[in-house]
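Just below is one structure, and these are the notes that go with it.
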Amino acid sequence: MINTMVETAVSLLKLSSPAFTDNGRIPRKYTCDGLNQSPPINIEDIPLDTKCLAIIADDPDAPINTWVHWLVWNFPVTHHIKENTGLGKHGINDFSRKFYCGPCPLSGEHHYLFKVYALDSLLILPDNTKKNQLERAMSGHVLAFGQITGTYSR
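Heads up, the sequence shown is in the numbering used here, so the first residue is 1 and it goes up one at a time.
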């Protein structure tokens, strides 16, 4: 379902982070071995008619399915997501938490995908929303999409 949303996106968002380069190592500060804070993310090319942002951070290298670390929607439109932000509505990640839980791989190097979606409307979702529910709710509302990937190993 998520690929369909991206294919119909009007534009691509350009993401970067002052904390790590695309495909670069995520600093310890943003992991379970550090302060476990969400990293800062810069966003360029946000469509003018964007009403809010949604963020999904996950680990496709997890041993059992893709592991969700962060799930946010109705995030205020901004070009600079600050580290350790509490803005927006937070859903349930795969740690059963309603906040960012940083990289914490059991073994080996993992890739962490930070995906940002520009949406044309606010979403009305329950507090216990999970990734698949957010993706369904976003379907047809994505104006633009961008991704930055970081790596981490212990």
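Glycine included, C-beta positions come from ideal geometry on N, C-alpha and C.
Query raised in the report: Nearest CA to the CA of Asp-172: which residue from Lys-131, Ala-144 and Pro-105?
Result: Coverage of the chain is limited to positions 1 through 154, which leaves residue 172 absent and any answer about it impossible.
Query raised in the report: Mind checking Lys-82: buried by the 16 CB within 10 Å criterion, or exposed?
Result: Against the sequence shown, residue 82 aligns to sequence position 82. Flag for Lys-82 reads exposed.
Requested in this report: Compare the beta carbon distance of Ile-55 and Val-142 with 8 Å and say whether it is the shorter of the two.
Outcome: Reading the sequence shown from its first residue, position 55 is the one you call residue 55. Reading the sequence shown from its first residue, position 142 is the one you call residue 142. Note that the C-beta distance between Ile-55 and Val-142 is not below 8 Å.
Query raised in the report: Helix, strand or coil: how does DSSP classify Leu-113 here?
Result: To locate residue 113, count along the sequence shown from 1; it is residue 113. Strand at Leu-113.
Query - Closest by C-alpha distance to Ser-139, when choosing among Leu-123, Ile-148 and Tyr-30 - result: In the sequence shown, counting from the first residue as 1, residue 139 sits at position 139. By alpha-carbon distance to Ser-139, the top candidate from Leu-123, Ile-148 and Tyr-30 is Leu-123.
Query raised in the report: Taking contact to mean at least 3 C-beta pairs separated by less than 8 Å, is the region 90 to 106 in contact with the region 42 to 54?
Result: Because the criterion of three Cβ pairs below 8 Å is not met, the region 90 to 106 and the region 42 to 54 do not touch.
**Report entry** Collapsed DSSP secondary structure at Tyr-30 in the structure displayed
**Finding:** Counted from its first residue, the sequence shown places residue 30 at position 30. Tyr-30 falls in the helix class under three-state DSSP.
Query raised in the report: If you draw a straight line from the alpha carbon of Gln-156 to that of Gly-108, how long is it in whole angstroms?
Result: Absent from the model: residue 156. The displayed extent of the chain is 1 to 154, so no value can be given.
Query raised in the report: Enumerated in chain order, which unbroken segments of the alpha helix (DSSP H) with a length of 4 residues or greater are wholly contained in the region 116 to 153?
Result: Qualifying alpha helix (DSSP H) stretches, in chain order: 131 to 138.
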